[in-house]
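Step one of this worksheet: look at the structure below.
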Amino acid sequence: MKGKDVVIGISAALLLVLVAVIVLLGGTAYTPSREIRPLAKFYLENCINLFNKDWWAASPEAVTSMLWDYRGIDTYYETSVFFLAIISGVALFRIAEIKLDAEGRKEEKELGLSIIVKTSTRIVFPLILIVSASVAFHGHLTPGGGFQAGSILAVGPLLLIAAFSRHFLEDRLRLTEDKCLTLRSVGLILIVLVIALPLITGAALLMLNQPKLWAPVSPFPAYVGPIWIAGTLFFLNVAEFLAVGAGFTLLFLLLSIPEEVFKRVLGL
Amino acid sequence: MVLAISVMAFALTLAAIFTYFAIKSKDLVKAAVFSAGQSAAFALAFFLLMAPDIVLAYVAVAVGIYTAVLLYVISKTERYEEEGER
Chain A
1 MKGKDVVIGI
11 SAALLLVLVA
21 VIVLLGGTAY
31 TPSREIRPLA
41 KFYLENCINL
51 FNKDWWAASP
61 EAVTSMLWDY
71 RGIDTYYETS
81 VFFLAIISGV
91 ALFRIAEIKL
101 DAEGRKEEKE
111 LGLSIIVKTS
121 TRIVFPLILI
131 VSASVAFHGH
141 LTPGGGFQAG
151 SILAVGPLLL
161 IAAFSRHFLE
171 DRLRLTEDKC
181 LTLRSVGLIL
191 IVLVIALPLI
201 TGAALLMLNQ
211 PKLWAPVSPF
221 PAYVGPIWIA
231 GTLFFLNVAE
241 FLAVGAGFTL
251 LFLLLSIPEE
261 VFKRVLGL
Chain B
1001 MVLAISVMAF
1011 ALTLAAIFTY
1021 FAIKSKDLVK
1031 AAVFSAGQSA
1041 AFALAFFLLM
1051 APDIVLAYVA
1061 VAVGIYTAVL
1071 LYVISKTERY
1081 EEEGER
């Protein structure tokens, strides 16, 4: 058995070296080079360009301006796919609508992990909230954005469920499934409003960020006073942050329902 | 440039080692932790490839959420894989 492991290890190492040599010799035809391709050049030159505002997105973050401006409809469809996945999860768990009754509950001290884990979770949890908020609210200026911030936010409730219990989230923090679903819907409605607002103001273009040649008026300014908000990008990031964070939290709440509850509800 | 490539080679080799242990481990909880370690090594490589946006999503999903879902699945079944000849 030991000899077999050694053979596997050596051959895996050889395979790694072989692949590295092939890539270094140009076997994959394109390896990241220092030259910028024409498509990348367009985005780098135009995502923030104060001298020629025909194609700009008013954001120094090329990735966010691509996600929510240049290919905005695509990202909108991604968000709807994620929403459909959440909805199917909720539909699968619809038998769990019966509330967990208080009688079978243990004392709160008995639930969850040791006091060391609980204390460190108490320290880490607010930090996770702050990091996710800063990633979301600065998504149009620094790396990050709505989805990244939302998935970081969802790690917070996940830690709370693991270290404390599901009841801690529901009873102490009053974060129930219905509230998560509401937050998720608020995020989606905000996204739709931001997308549709240019239609109302007469721009005749869905998801308009900055004025274009054929749509000279945009309801979203690049900055308000000293605060740079990059048109729609700020609002879309914050709305996606709410939607993704609340959606993941809802799934974790559903997954953490104890198995006995299902068995009792189904009469097994 | 040379430093970045060497650190990247280190990170990816580490990821390969983690993957090997994740496959070999008979204790599924340990395998999930090895998988999280592999994701952390990949995150370092993504950062060196100048993709900080990917890093932010990848760390939260692959190290946090994915590992948690794996542990949840393991809690529904047995923790130790049986020694089989297959």
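Keeping their order, the protein sequence lines are chains A and B.
Residue numbering for the first sequence follows my numbering, starting at 1 and increasing by one per position.
Residue numbering for the second sequence follows my numbering, starting at 1001 and increasing by one per position.
Quick reminder that beta carbons are idealized off the backbone N, C-alpha and C, glycines included.
Remember, predicted model here, so these are calculated numbers, not experimental data.
{"Check": "Proximity below 8 Å, CB of B:Y1058 to CB of B:A1043", "Outcome": "yes"}
{"Check": "B:Y1066: contacting residues in chain A (beta-carbon distance under 8 Å)", "Outcome": "The contacting residues do not exist; B:Y1066 stays about 10 Å from chain A at best."}
{"Check": "7 Å Cβ cut-off: residues of chain B touching A:L16", "Outcome": "T1013 and A1016"}
{"Check": "Uninterrupted alpha helix (DSSP H) stretches inside the segment 121 to 187 of chain A (no shorter than 4 residues)", "Outcome": "146 to 163"}
{"Check": "8 Å Cβ cutoff, A:G144 in contact with chain B", "Outcome": "yes"}
{"Check": "Residues, ordered as in the chain, of the segment 1050 to 1078 of chain B that lie near chain A by beta-carbon distance below 7 Å", "Outcome": "P1052, D1053, L1056, A1057, A1060, V1061, G1064, I1065, A1068 and Y1072"}
{"Check": "Spatial distance of B:S1075 from A:F252 (CA atoms)", "Outcome": "15 Å"}
{"Check": "Alpha-carbon to alpha-carbon, A:K263 and B:L1003", "Outcome": "57 Å"}
{"Check": "B:A1009 burial status per 10 Å Cβ neighbour count (16 or more: buried)", "Outcome": "exposed"}
{"Check": "Runs of alpha helix (DSSP H) lying entirely within the segment 32 to 64 of chain A, each at least 4 residues, in chain order", "Outcome": "38 to 46"}
{"Check": "Within-8 Å CB hit, A:L127 to chain B", "Outcome": "no"}
{"Check": "Where the alpha helix (DSSP H) through A:L233 begins and ends", "Outcome": "T232 to L255"}
{"Check": "Reduced DSSP secondary structure (H/G/I, E/B, other) of B:K1076", "Outcome": "helix"}
{"Check": "Option in B:K1026, B:S1039 and B:A1060 with minimal Cα separation from B:A1016", "Outcome": "B:S1039"}
{"Check": "From A:I36, A:N46, A:L208 and A:L255, residue whose alpha carbon lies closest to that of A:A62", "Outcome": "A:N46"}
{"Check": "Three-state class that DSSP yields for A:E103 in the structure shown", "Outcome": "Bear in mind that the predicted position of A:E103 carries a pLDDT of just 45, short of 50, making it too unreliable to give a figure here."}
{"Check": "Chain A within 8 Å of B:Y1020, Cβ atoms only", "Outcome": "yes"}
{"Check": "DSSP-derived helix/strand/coil call for A:A222", "Outcome": "coil"}
{"Check": "A:K212 - partner residues in DSSP beta bridges", "Outcome": "A:A215"}
{"Check": "Residues sharing a beta bridge with B:D1027, DSSP", "Outcome": "B:Y1080"}
{"Check": "Residue-level contact to chain B via CB, A:F248, 8 Å cutoff", "Outcome": "yes"}
{"Check": "Proximity to A:E170 [Cα-Cα], best of A:G27, A:L197, A:A91 and A:I257", "Outcome": "A:I257"}
{"Check": "Limits of the unbroken alpha helix (DSSP H) element including A:S11", "Outcome": "K2 to L24"}
{"Check": "Straight-line Cα distance separating A:F164 from A:E259", "Outcome": "18 Å"}
{"Check": "Cβ of A:V63 within 8 Å of any chain C Cβ", "Outcome": "Given the protein chain composition of this structure (A and B), no chain C is represented."}
{"Check": "C-alpha distance - B:R1086 paired with B:L1014, whole-angstrom precision", "Outcome": "Below a pLDDT of 50, predicted positions are generally treated as unreliable, and B:R1086, at 48, falls in that range; the measurement from the model is reported next regardless. Between B:R1086 and B:L1014, the C-alpha separation is close to 28 Å."}
{"Check": "Limits of the alpha helix (DSSP H) - the one that A:T75 falls within", "Outcome": "G72 to L92"}
{"Check": "Pair within 8 Å by beta-carbon distance, A:E240 and A:G156", "Outcome": "no"}
{"Check": "A:S114 versus A:H140: straight-line alpha-carbon distance, rounded", "Outcome": "40 Å"}
{"Check": "Residues within the segment 225 to 255 of chain A neighbouring chain B, beta-carbon criterion of under 8 Å", "Outcome": "F248, F252 and L255"}
{"Check": "Proximity test, Cβ basis, 8 Å: A:Q148 and chain B", "Outcome": "yes"}
{"Check": "Same chain, Cβ closer than 6 Å to A:W197, five either side skipped, listed in chain order", "Outcome": "Before going further, note that residue 197 of chain A is Leu rather than Trp in the sequence given. Result list for A:L197: P219, in chain order."}
{"Check": "Straight-line Cα distance separating A:A40 from A:L18", "Outcome": "31 Å"}
{"Check": "Buried versus exposed call for A:S120 [16 or more other C-beta atoms within 10 Å across all chains shown]", "Outcome": "exposed"}
{"Check": "Spatial distance of A:A215 from A:Y70 (CA atoms)", "Outcome": "15 Å"}
{"Check": "Under the three-state DSSP convention, the category A:I227 falls into", "Outcome": "strand"}
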